[in-house]
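Shown next, in the form of structure tokens:
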């Protein structure tokens with residue numbers, strides 16, 4: 007584990023790793039937060055240029071593959087993959103249809119998984135979709151959380167930084183100053199000693215329930231929905247209390263579906279690494 011903040015390039019981490027690793031590389035697969043096109047990537051949150059031939063030369067790997075991080079979760083995080091999942095509500099059965107993996111961490115995104123024995127995972131950039139504005143309060147939050155000169159996207163609210171923005175917005179509405187980190191907000195909600203934290207978590211859960219339902223209606227993941235990522239694991243203990251399931255179910259029921267969508271949580275923080283391995287092996291690396 008190496009923190010990326012303040013690091014100029016991936017090669018810095020690789021040099022550190024190679025100093026401790028004595029084996030050779032048959033190949034490599036990197037899961038990156040960003041769009042992968044023609045074997046290249048534009049990362050969402052880091053100004054890194056990742057060049058597979060340069061990585062191959064540095065590590066001695068014959069082949070280096072790049073895949074989106076949510077695609078990696080799709081290959082390794084949801085049953086029948088390695089990552090495993092803990093059921094939150096409803097039932098998940100991969101044999102019933104596609105699965106949808108929802109990543110909530112430093113950003114927000116989804117991937118859709120088709121097939122069981124030989125899964126195929128489809129990437130998206132759903133975190134860049136505009137945040138739905140359903141009332142005046144949502145408009146105010148969207149204006150508060152949006153980057154300067156840009157429309158507020160799902161990822162601006164449904165992420166670690168997004169939860170912190172919601173907290174600051176709730177505090178500002180009550181003429182209080184200051185903010186908390188995402189971990190501090192979760193701790194405050196657990197302790198029950200911060201009304202602003204509870205309001206922020208309730209707002210986050212409500213928005214998340216609606217967004218996941220809307221995305222589910224786009225892809226019909228009858229095989230199940232799988233939440234993943236550090237923020238997903240952090241807020242999971244509070245989602246039922248603050249109405250995530252109710253909002254999700256209400257939104258889905260409006261479509262008249264006879265079969266609903268079960269929701270589970272991927273607990274394994276290394277699920278994307280398992281997915282990288284599965285993807286590389288499927289390409290005979």
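Numbering (our numbering), first residue to last: 7 to 291. Yeah, the Cβ is synthetic: ideal placement off N, Cα and C, and Gly gets one too. Just so it is clear, the structure is predicted and the values come from calculations on it, not from any experiment.
Distance, residue j Cα to residue i Cα
i	j	result
residue 349	residue 115	As displayed, the chain neither begins before 7 nor continues past 291, which places residue 349 out of reach and without an answer.
residue 88	residue 181	Reliability fails at residue 88, whose pLDDT of 49 lies under 50, so the model's placement of it is uncertain and the value that follows must be treated cautiously. Roughly 47 Å separates the two Cα atoms.
residue 70	residue 36	8 Å
residue 1	residue 76	Residue coverage of the chain in this structure runs from 7 to 291, which leaves residue 1 outside it and unanswerable.
residue 129	residue 110	15 Å
residue 269	residue 164	17 Å
residue 226	residue 217	14 Å
residue 17	residue 72	15 Å
residue 179	residue 133	26 Å
residue 52	residue 272	25 Å
residue 45	residue 59	10 Å
residue 4	residue 65	Nothing in the structure corresponds to residue 4, since the chain is present only between 7 and 291.
residue 29	residue 63	15 Å
residue 253	residue 188	22 Å
residue 139	residue 68	49 Å
residue 200	residue 49	35 Å
residue 230	residue 238	16 Å
residue 150	residue 31	47 Å
residue 275	residue 256	30 Å
residue 91	residue 262	28 Å
residue 196	residue 56	40 Å
residue 260	residue 267	13 Å
residue 209	residue 222	20 Å
residue 94	residue 246	9 Å
residue 224	residue 204	30 Å
residue 248	residue 148	20 Å
residue 264	residue 258	10 Å
Residue burial classification, residue i (beta-carbon count within 10 angstroms, cutoff 16)
i	result
residue 154	exposed
residue 122	exposed
residue 14	exposed
residue 98	buried
residue 26	exposed
residue 11	exposed
residue 280	buried
residue 23	exposed
residue 141	exposed
residue 105	buried
residue 290	exposed
residue 124	exposed
residue 161	buried
residue 100	buried
residue 157	exposed
Span of the beta strand (DSSP E) around residue i
i	result
residue 48	46–49
residue 43	40–43
Contact belief for residue i with residue j at Cβ below 8 Å, rounded distance in angstroms
i	j	result
residue 81	residue 118	Contact doesn't hold; Cβ gap of about 12 Å is too wide.
residue 206	residue 173	4 Å
residue 170	residue 185	6 Å
residue 61	residue 34	6 Å
residue 250	residue 215	4 Å
residue 202	residue 176	5 Å
residue 166	residue 236	7 Å
Residue range of the alpha helix (DSSP H) that includes residue i
i	result
residue 198	Per DSSP, residue 198 belongs to no alpha helix (DSSP H) and is neither H nor E.
residue 169	166–179
residue 161	160–163
residue 20	16–26
residue 143	142–151
Check: residue i C-beta below 7 Å from any heavy atom of the ligand SAH
i	result
residue 252	This structure simply doesn't include the ligand SAH, nor any ligand for that matter.
In chain order, what are the residue ranges of uninterrupted beta strand (DSSP E) at least 3 long that sit wholly in the stretch 202–285?
Under the rule that a run must span 3 or more residues, the beta strand (DSSP E) segments found entirely inside the stretch 202–285 read 230–234, 269–271.
Can you list, in chain order, the stretches of the beta strand (DSSP E) that have 3 or more residues and sit fully within the stretch 54–128?
Those beta strand (DSSP E) runs which fall completely within the stretch 54–128 and span 3+ residues are 69–74, 92–95, 105–110, 114–120, 126–128.
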